[in-house]
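J.: At position 190 of the sequence shown (counting the first as 1) the number is 190 in the UniProt record's numbering, and the numbers step up by one without a gap.
For glycine and all other residues, C-beta sits at the position ideal for the given N, C-alpha and C.
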Amino acid sequence: MPHHYSRAQKAHQESQEGIRLQKVLAQAGFGSRRKCEVMITDGRVEVDGDLVTELGVRVDPQHQEIRVDGSRIHISDKHITLALNKPRKVLSTMDDPKGRWTLRDIVGDKYERIFHMGRLDYDSEGLILMTDDGELAQHTMHPRYEVEKTYIATLEGHIGGNVCRRLVRTGIQLDDGWIKLDHCSIVTQNRERSVVKAVIHSGKNRIVRRIFGAAGFPVIQLLRTQIGPIRLGDLKSGSYRVLSAAEVNALHKAVGL
1 MPHHYSRAQK
11 AHQESQEGIR
21 LQKVLAQAGF
31 GSRRKCEVMI
41 TDGRVEVDGD
51 LVTELGVRVD
61 PQHQEIRVDG
71 SRIHISDKHI
81 TLALNKPRKV
91 LSTMDDPKGR
101 WTLRDIVGDK
111 YERIFHMGRL
121 DYDSEGLILM
131 TDDGELAQHT
141 MHPRYEVEKT
151 YIATLEGHIG
161 GNVCRRLVRT
171 GIQLDDGWIK
181 LDHCSIVTQN
191 RERSVVKAVI
201 HSGKNRIVRR
211 IFGAAGFPVI
221 QLLRTQIGPI
231 RLGDLKSGSY
241 RVLSAAEVNA
251 LHKAVGL
C-alpha cells in the first residue's frame with residue numbers, strides 16, 4: 001500500500017539532485033505547475049509506490065516510477081512540437097462527439113499526450129502549434145508573454161489605409177472592451193474585397209474577425225501564417241511537420257523559458 005512521505009524522506013528528497021515533481025507533471029502534459037501542485041496535494045500522485053501529498057519533492061523522471069491516478073506516466077527527455085496547417089471545417093480539438101474532423105484526424109495517434117496550443121475557429125485556417133510539453137504550452141498561451149500572431153484576412157469591402165492606421169493607433173471598442181492591432185497593412189484590394197496583413201498578440205476568441213467586423217469589414221477568409229517566431233511557410237493544408245531544435249529554442253525564448 002502507498003504511504004505518505006515522512007518529513008525525513010521529504011528532506012532527503014529535497015537534498016538530492018532532481019526536478020520538482022510538479023514541473024515533471026507539467027512537462028508531461030498535465031497542465032500548469034499550479035494545477036499539478038493541486039494534483040499532488042489532492043493525493044493523486046505516487047513516486048516509486050509512495051503517495052506524495054506535500055510540495056517540494058524532487059524526482060529523477062528517467063529512473064523513478066511516477067503515477068497519476070494509478071497510471072504510470074512516461075517522460076521523454078525530448079519533447080515533440082509540431083506545426084500544423086489547419087484546413088477550414090476542422091475543429092481545433094482532439095475529438096468531437098459529433099464526428100466532425102479534428103486535429104486528431106491529421107496527426108493520428110503517432111504522438112502520445114500531444115495537444116494544441118491555442119485554437120483557430122472552425123472556418124479559419126492556418127498555423128496551429130502542438131506539443132507534448134505542458135510547460136511550453138502554458139507559456140505560449142499565457143497572456144503575460146504576448147506572443148504575436150500574424151494573419152492574412154480577406155475582407156468584404158474596400159478598406160482604406162486610414163482604417164488600418166486607426167485600428168493600430170487607437171483600436172476599436174468591442175463588447176468586452178477596447179482592443180488594438182499591433183500591425184495592419186493592405187496587401188491587395190479591389191472595389192469589392194481587401195486583403196490585409198494583421199498582427200495581434202491577443203488570444204481572445206475570434207478576435208480578428210470581431211475587430212474587422214466591428215470596423216465594417218466582415219472577414220470572408222482568415223489564414224494564420226505565424227505564431228511568435230514560428231512561420232507556416234509552404235506547409236500544405238492538412239499536413240504538419242516537426243519543429244527543428246532551432247525553432248523550438250526560439251519559441252522557448254519568446255515565451256520566457
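1. Just the C-alpha distance for Lys86 and Gly203, rounded to the nearest angstrom, thanks.
2. Quick check on Lys78: buried or exposed, where buried means 16 or more other Cβ atoms within 10 Å of its Cβ?
3. Do you know how far the Cα of Gly56 is from the Cα of Phe217?
4. If the criterion is Cβ atoms closer than 8 Å, does the pair Met130 and His116 meet it?
5. Over what stretch of residues does the beta strand (DSSP E) that includes Asp105 continue unbroken?
6. To the nearest angstrom, report how far apart Gln193 and Gly43 are at their CA atoms.
7. To the nearest angstrom, how far is it from the Cα of Asp109 to the Cα of Asp95?
8. What residue does the alpha helix (DSSP H) around Leu166 start on, and which one ends it?
9. Just the Cα atoms here: how many angstroms apart are Ala8 and Arg224?
10. Could you work out which residue in Met141, Val90, Asp60 and Gly238 is closest to Arg20 when comparing CA atoms only?
11. Taking just the CA atoms, how far does Ala153 sit from Val219?
12. Skipping 5 residues on each side, what residues in its chain have a beta carbon closer than 7 Å to that of Arg210?
13. Look at His183 and Val199 and say whether their C-beta atoms are less than 8 Å apart.
14. Let me know the secondary structure DSSP gives Met1 once reduced to three states.
15. Name the DSSP bridge partner or partners of Gly177?
16. Please list the terminal residues of the continuous alpha helix (DSSP H) segment that includes Met39.
17. Rounded to whole angstroms, what is the Cα-Cα separation between Ser15 and Arg58?
18. Could you tell me the boundaries of the beta strand (DSSP E) in which Ile200 lies?
19. Output needed for Val255: all residues of its chain with C-beta closer than 6 Å, excluding positions within five of it in sequence on either side, in chain order.
T.: Per the coordinate set shown:
1. 17 Å
2. exposed
3. 53 Å
4. yes
5. Here Asp105 belongs to no beta strand (DSSP E); instead the alpha helix (DSSP H) covers Arg104 to Val107.
6. In the sequence as presented, Gln is not what sits at residue 193; that position holds Arg. Going by the C-alpha atoms only, they are around 58 Å apart.
7. 12 Å
8. The identity of residue 166 in the sequence shown is Arg, whereas the question assumes Leu. That run of the alpha helix (DSSP H) goes Gly161 to Arg169.
9. Since pLDDT at Ala8 reaches only 41, below the 50 mark, its modelled position is unreliable, and no value is offered.
10. Asp60
11. 6 Å
12. Leu174
13. yes
14. For Met1, the pLDDT reaches just 43, beneath the cut-off of 50, and the residue's location in the model is therefore unreliable, although a value from the coordinates is still provided. Here Met1 sits in coil by DSSP.
15. DSSP lists Leu174 as partners of Gly177.
16. Arg33 to Thr41
17. Caution is warranted here: a pLDDT of 42 is assigned to Ser15, below 50, making its placement in the model unreliable, and the coordinate value is therefore given only provisionally. Distance between the alpha carbons of Ser15 and Arg58: 8 Å.
18. Arg193 to Ile200
19. His139, Thr140 and Tyr145
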